Amino acid sequence: MTQPISILLCALGGEGGGVLADWLVDVARHAGHPAQATSIPGVAQRTGATTYYLEVYPLPHSQLQGRLPVLGLNPLPGRLDALVSSELLETARQIGNGLASNDRTLVISASSRALTTAEKMTMGDGRRPEGPMLDVVAAHSQRHHVMDMARLCQESGTMVSAVMLGAIAGSGLLPFARTHYEAVLEGPSSSAKASLRGFALAFDLVTRQREQAQYVEHVMKPAVAAPSASTALPADVAAKFPAVLHPLMGLAHQRLMEYQGPAYARLYVQRLERLLHAETNSPDSTRPVTFEATRWLALWMAFDDIIRVADLKSRASRWDRVTQEVKAKDGDVLKVYDHFKPGVPELAALLPQGLANRLLRWDRARVANGKAPWSIPLKVARHALWGMASLRFLASLRVLRPLGSRYATEQALIEEWLSGIESATHQSPALGLELARCGQLIKGYGSTNERGKDNLLHILRHVCGPASQLPLDEQAAAVAHIRQAALQDEAGLALDQALLQHGAPARPVKEQPVLWMKNPRLQKT
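The sequence shown runs contiguously to residue 561 in this note's numbering.
1. With DSSP collapsed to three states, give me the class of M195.
2. Ignore the nearest five residues each way along the sequence and tell me which others in R163's own chain have a CB closer than 7 angstroms to its CB.
3. Among residues of its own chain, excluding the 5 on either side of P10, which ones have a beta-carbon nearer than 8 angstroms to its beta-carbon?
4. Between the Cα of A334 and those of Q511, E446 and G440, spot the shortest distance and give me the residue it belongs to.
5. Would you say Q178 reaches chain D, if we count a Cβ-Cβ gap shorter than 8 angstroms as a contact?
6. Of the residues V305, W398 and V369, which one's Cα is nearest the Cα of L269?
7. What did DSSP end up calling T38 once you bin it into helix, strand or coil?
8. Between the Cα of R65 and those of P94, L529 and D240, spot the shortest distance and give me the residue it belongs to.
9. Using DSSP bridges, identify the partner residues of M183.
10. On the DSSP bridge list, what partners appear for Y373?
11. Quick one: give me the first and last residue of the alpha helix (DSSP H) that Y295 is part of.
12. Going by DSSP, which residues form a beta bridge with L46?
13. Would you tell me roughly how many angstroms separate the C-alpha atoms of L104 and E218, rounded to the nearest one?
14. Could you tell me if R15 is buried or exposed, where buried requires 16 or more neighbouring beta carbons within 10 angstroms of its beta carbon?
15. Measure the C-alpha to C-alpha separation of Q72 and R129 and round it to an integer number of angstroms.
16. Going straight from the alpha carbon of Q290 to that of P298, what length do you get?
17. Let me know if A259 comes out buried or exposed under the rule of 16 or more other beta-carbons within 10 Å of its beta-carbon.
18. For F429, is the classification buried or exposed, using 16 other Cβ atoms within 10 angstroms of its Cβ as the cut-off for buried?
19. Please state whether the Cβ-Cβ distance between F235 and G202 is less than 8 angstroms.
20. Would you mind sorting G19 into buried or exposed? The rule is 16 or more other CB atoms within 10 Å of its CB.
21. Rounded to the nearest angstrom, what separates M37 and L107 at their Cα positions?
22. Going by the CB atoms, is the gap between F376 and L414 shorter than 8 angstroms?
23. In three-state DSSP terms, what is Q447?
24. For V92, which three-state DSSP category applies?
25. Specify the secondary structure class of G528 as computed by DSSP and reduced to three states.
26. Quick check: what's the CA-CA separation for A271 versus F277?
27. Would you report the Cα separation of R434 and L387, rounded to the nearest angstrom?
28. Determine the closest residue to S378 out of I342, K365 and G406, with distance taken between C-alpha atoms.
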């Protein structure tokens, strides 16, 4: 069914909110569309703005064959198509009322503030910071345009109502042409000309923002292509798994083939078979636990190391992408330098466990003596023969990867995670699903990657299983809450609070070396 387009206008006293509502109704009628507007007066200028609610039917009267749509008189929470406000705090207040939603609502707001009475009463600087309000706008809107409406009004010499009309027109929300809006504003008076100037400034600004957002979305959107022979799942593997898993498994299988070879891809399939077998008695034919683990398992098994980085940086596809990004033309000279700074952990990852431990102990001793961790900065010319040869040599070392300490450590952690999922799935499919979702904690590289693995292991060992103090039917919800807390902040404060809330111990505090730095000014004297 075709639904009316719902718009809530919020304006402070004297800003022309009623005029704006009348303009929009006139624009709709000028274009031949049904429209209706109602006003909801506020108590005072800063205890409640005057709001105007409009509904515009997207089809003109000519297509309705004499029928008239039934239009609403007030906005419904979560069903608003557009929230337009002349003041930032008022925008946040209306969002706090539950009217906007991140899957539907366009938010157009001024970035300026009119201070509340409470802000003025403070002895010091009582102004509320704008950052959290902007975060609220971004989090609760499908798309948004926040602009300095006060500046546009000053430049054009008009009221904010004309600027808000131009922003609505430029957003493309309503099925009207620019001429429909301008026809309502036109007139011989100087105020009409000023309104047209303010309308044009806001229209052009929002139009540019839309074009930029569409360009970024187009650039960032991954290309969708039909499954190729290289990404298609082998027939013998596909026969073992539900069809819903095949597209993602095909991509994962191909990635692990490139990462380490056929044997490693078979190990991936065997691990998923274990989870699929654990879900045999599940009433859900889509096998949600296996489906959730399909992606995170592949990403974890293809962990980043020096070999992987060298392989990615030396691929021909990367050269083509860089060439396109810098818009290099035929005959242009393009030079690409890759900067590396491998340290002891990266080098130890390629060595057997015994040698790796000795090398790591040596580096820890250096740090304990007040020295910085050892590393060697490298600048590799990707465009030069020796640079490409060195990258390809590092990439060829993948045959030695299974002998390295990092490989053994990662496989042991993966097995502990999978065993936890298996055991939990047999007891509670919901708990197994939440543990599978914990795979998203493993991301990045270096300290970020290590922290994610520590958090995952802490959940496995203390929140569920024999060590847990929670009943089985409460463990799934606890794991979900703790996982979300772990993704909130890098320091892990929210994670520790969530662990304690569910009766699990907080993460142990890790030792950090104290480095004493010499004061260079004292050395000179």
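Where a beta carbon is used, it is the ideal one built from N, C-alpha and C, also for glycine.
It should be emphasised that the depicted structure is a prediction, and the values quoted were computed from it without experimental measurement.
The structure says:
1. In the sequence shown, residue 195 corresponds to position 159, counting from 1. Coil at M195, not helix or strand.
2. Here residue 163 is taken as the residue at index 127 of the sequence shown, counted from 1. These residues qualify, in order along the chain: L151 and E155.
3. In the structure as shown, the chain starts at 37 and stops at 561, and residue 10 therefore has no counterpart that could be examined.
4. In the sequence shown, the residue the question calls residue 334 occupies position 298. The option with the nearest alpha carbon to A334 is E446.
5. In the displayed structure, chain D is absent; only one protein chain is listed.
6. Locating residue 269 in the sequence shown gives position 233, where the first residue counts as 1. Ranking V305, W398 and V369 by Cα distance to L269 puts V305 first.
7. Position 2 of the sequence shown, counting from 1, holds the residue named residue 38. It is coil, neither helix nor strand.
8. Taking the first residue of the sequence shown as 1, we reach residue 65 at position 29. Among P94, L529 and D240, the Cα nearest to that of R65 is on P94.
9. On the sequence shown, position 147 is the one that residue 183 refers to. DSSP, once it has assigned bridges, lists A146 as partnering M183.
10. The count along the sequence shown starts at 1 and reaches residue 373 at position 337. A417, per the DSSP bridge assignment.
11. As a working note, residue 295 is residue 259 in the sequence shown. H282 to Y295 is the span of the alpha helix (DSSP H), which, as asked, contains Y295.
12. By one-based count along the sequence shown, residue 46 stands at place 10. Looking at the sequence provided, one finds Cys at residue 46 rather than Leu. Answer by DSSP bridge pairing, in chain order: T87 and S121.
13. As a working mapping, residue 104 is identified with position 68 in the sequence shown. As a working mapping, residue 218 is identified with position 182 in the sequence shown. Whole-angstrom Cα-Cα distance: 26 angstroms.
14. With the chain covering only 37 through 561, there is no way to say anything about residue 15.
15. If you number the sequence shown from 1, residue 72 lands on position 36. If you number the sequence shown from 1, residue 129 lands on position 93. Spanning the two alpha carbons is a distance of roughly 24 angstroms.
16. The residue labelled residue 290 in the question sits at position 254 within the sequence shown. The residue labelled residue 298 in the question sits at position 262 within the sequence shown. Roughly 9 angstroms separates the two Cα atoms.
17. Here residue 259 refers to the residue found at position 223 of the sequence shown. The pLDDT assigned to A259 is 48, lower than 50, so where the model puts this residue is not dependable, and the model offers no usable value.
18. Counted from its first residue, the sequence shown places residue 429 at position 393. By the 10 Å Cβ count, F429 comes out exposed.
19. As a position in the sequence shown, residue 235 is number 199, starting the count at 1. As a position in the sequence shown, residue 202 is number 166, starting the count at 1. Cβ distance < 8 angstroms, so F235 and G202 count as in contact.
20. For the chain, the structure presents residues 37 to 561; residue 19 sits outside this window and is missing.
21. Against the sequence shown, residue 37 aligns to sequence position 1. Against the sequence shown, residue 107 aligns to sequence position 71. Any answer about M37 is weak, because its pLDDT of 49 lies below 50 and its placement is not dependable; what the coordinates show is given next. Approximately 14 angstroms between the Cα atoms of the pair.
22. On the sequence shown, position 378 is the one that residue 414 refers to. On the sequence shown, position 340 is the one that residue 376 refers to. Yes, Cβ-Cβ distance for L414 and F376 is below 8 angstroms.
23. Here the question's residue 447 lines up with position 411 in the sequence shown. In the structure shown, Q447 sits in a helix (DSSP, three-state: H, G or I).
24. Within the sequence shown, residue 92 is the residue found at index 56, counting from 1. V92: strand per DSSP, three-state reduction.
25. The residue labelled residue 528 in the question sits at position 492 within the sequence shown. If DSSP states are grouped into helix, strand and coil, G528 belongs with coil.
26. The count along the sequence shown starts at 1 and reaches residue 271 at position 235. The count along the sequence shown starts at 1 and reaches residue 277 at position 241. The alpha-carbon atoms of A271 and F277 are separated by roughly 10 angstroms.
27. Counting from one through the sequence shown, the residue named residue 434 turns up at place 398. Counting from one through the sequence shown, the residue named residue 387 turns up at place 351. Going from the Cα of R434 to the Cα of L387 covers about 12 angstroms.
28. One-based indexing of the sequence shown puts residue 378 at position 342. Reading off the sequence shown, one finds Pro at residue 378, where the question assumed Ser. The shortest C-alpha separation from P378 is found at I342.
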